[in-house]
Amino acid sequence: MHIVKQLMAIPGVIAAGEYAYRGDRFSYEGALTDEFARMASILCRANTLSVNMQSEIFDSFSENIGCRPVQGWIVRGNKISICAVGNYFAFIENRDELLNDVMVIMRAKVGDVQDDLLANLYARLGGDTNEALY
Amino acid sequence: MDLQKMMDLPGALAAFTYSDKGDLQSHVLREGTELTPQVLDLLARSCVANLAIAGMEARGWEAVTGQSGFQPLKGFSMVGLEWSVVVDGNCGVVVRNRDADYEATFNAVQAA
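So the protein sequences, as listed, match chains X and P.
According to the working numbering, the first sequence is numbered sequentially starting from 1.
According to the working numbering, the second sequence is numbered sequentially starting from 1.
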């Protein structure tokens with residue numbers, strides 16, 4: 001089952017989606033409008049690139065400490081949390097055990113994010129990733 | 001704040017406190033971990049920055065979409081390859097991914 005459909009089958013998951021490229025290529029399911037899903041995709045891509053940049057700084061201080069490549073991030077809100085792993089995101093309610101369940105599924109389904117994050121994101125477009133990037 | 005108690009969380013590798021500016025103030029490291037106080041200091045600084053950015057995004061998201069439920073923020077986590085750092089307020093915990101209980105860890109740093 002596709003990861004977005006699998007996530008949406010869990011009670012308490014508000015919306016889930018996939019983004020690529022500049023964050024403006026996206027697909028999603030759930031309680032978001034197209035415009036809000038576009039904004040969410042851009043926000044998730046920006047945060048993902050930011051934590052990847054930070055992990056490279058950590059790595060320069062102490063190599064192979066188990067941080068890189070970063071798999072994702074979580075913002076824990078008052079009643080809603082956002083989980084991002086690889087190029088997938090999920091908006092979820094703060095219910096008991098839901099965060100753990102969602103993170104287990106996302107990490108298991110997305111797998112280890114490749115070392116070159118940009119190549120990973122561009123690869124979702126298809127075609128020659130190296131040509132698009134370099 | 002009892003950092004030793006934080007180390008009882010599933011998969012805990014380190015627990016630390018930091019100032020509002022991100023200066024590392026106190027820490028506990030599990031024996032054998034490759035994390036160092038220097039890395040924890042960097043982590044603390046990045047976490048202060050990430051919490052601030054997440055706060056800005058939460059406020060903006062709620063204002064633009066009308067969707068409430070994000071504010072006040074209850075924490076931020078960066079999920080690395082082998083471990084995650086979970087922070088809120090002035091406290092953070094590093095947990096091994098395969099053993100991590102994110103909910104318990106978020107609850108612990110909120111209560112700290």
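C-beta atoms are modelled at their ideal positions from N, C-alpha and C, and glycine is treated no differently.
At a cut-off of 9 angstroms between C-beta atoms, D88 (chain P) counts as an interface residue with respect to chain X. DSSP lists X:S81 and P:G75 as the bridge partner or partners of R76 (chain X).
Within the same chain, L3, Q4, M6, M7, A14, A15 and F16 come within 8 angstroms of V28 (chain P) by CB-CB distance, once the 5 residues on both sides are set aside.
Using a CB distance below 7 angstroms, the part of the stretch 88-106 of chain X facing chain P consists of E97, L99, N100 and M103, ordered along the chain. Taken atom to atom, the span from the alpha-carbon of N97 (chain P) to that of S84 (chain P) is near 6 angstroms. Interface residue (Cβ-Cβ distance to chain P less than 9 angstroms): I3 (chain X) is not classified as such. Looking from the CA of G32 (chain P), the closest CA among X:N94, X:S81, X:I65 and X:I82 belongs to X:I65. With respect to chain X, the C-beta atom of Y18 (chain P) has no partner C-beta closer than 9 angstroms.
At least one beta carbon of chain X lies nearer than 9 angstroms to the beta carbon of K74 (chain P). Contacts with chain P at 9 angstroms (Cβ-Cβ) include K79 (chain X). Here P10 (chain P) has D99 and D101 as same chain residues with Cβ atoms under 6 angstroms from its own Cβ, once five neighbours each way along the sequence are excluded. Within the stretch 11-44 of chain P, those residues whose Cβ lies closer than 8 angstroms to any Cβ of chain X are, in chain order, E34, L35, T36, Q38, V39, L42 and L43. Our two residues, R30 (chain P) and A63 (chain P), have alpha carbons roughly 42 angstroms apart in a direct line. Bounds of any alpha helix (DSSP H) do not take in T17 (chain P); it lies within the beta strand (DSSP E) bounded by A12 to Y18.
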